[in-house]
Amino acid sequence: MKVAIVMGSKSDIKIAMEAKEVLDSFGIENEMRVISAHRTPRIAIEFAERLEENGFDLVIAIAGKAAHLAGVLASLTILPVIGVPAKSSTLDGIDSLLSTVQMPKGIPVATVAIDGGYNAGILSAEILSIRDNDLRNKLKSHKEKLKLETIKNDEEISKL
774 MKVAIVMGSK SDIKIAMEAK EVLDSFGIEN EMRVISAHRT PRIAIEFAER LEENGFDLVI
834 AIAGKAAHLA GVLASLTILP VIGVPAKSST LDGIDSLLST VQMPKGIPVA TVAIDGGYNA
894 GILSAEILSI RDNDLRNKLK SHKEKLKLET IKNDEEISKL
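Those letters in the sequence shown? Residues 774 to 933, by this note's numbering.
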């Protein structure tokens, strides 16, 4: 199992690191790249066309403003692409969200929340767990841990 984490620019590194940390915690191999749909389109095309050849199973694409990276990559591969819209300075990330989620028929991009690197990592693991029972069990343990943390928080708050 191998996931490509692709950023439109280096400024997206914090979001990418959240996704990477999740993938690492589940033992999922990953590789990070900076590839722009607008500034390096030929590199984006070559990268997307060679995803399967290079052993990737899934792509996380992080971009802001006119966030076309996820859509461009999705148009060039049959692998699942998860788009992470990055909060931009102009419209608080709404522009990125709309650019990522509003895809034409036949070119889907699974989209998580603005700056949602963590959830992109979780969704990647969930998709990959379809064919990996060990990963599925790790995810079940993760969900159980979340449940127990919430119960503990509830108990603490209810005592106030």
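For every residue, glycine included, the Cβ atom is placed at its ideal position computed from N, Cα and C.
For residue 859, the uninterrupted beta strand (DSSP E) run begins and ends at 854–859, by DSSP. In this structure, the CA atom of residue 868 is about 32 Å from the CA atom of residue 915. Beta-bridge partners of residue 790 (DSSP): none assigned. Out of 824, 776, 806, 775, the CA that lies nearest to the CA of residue 785 is found in 806. Fewer than three pairs of CB atoms, one per stretch, sit closer than 8 Å, so the stretch 804–820 makes no contact with the stretch 904–915.
No Cβ-Cβ contact shorter than 7 Å links residue 833 with residue 866. Secondary structure note for residue 825: it is in no beta strand (DSSP E), with a DSSP letter that is neither H nor E. Each of 829, 844, 851 was checked against the Cα of residue 836, and the nearest Cα belongs to 844. Contact between residue 849 and residue 900 fails: their C-beta atoms lie close to 19 Å from each other, not under 8 Å. In the structure shown, the three-state DSSP call for residue 801 is coil.
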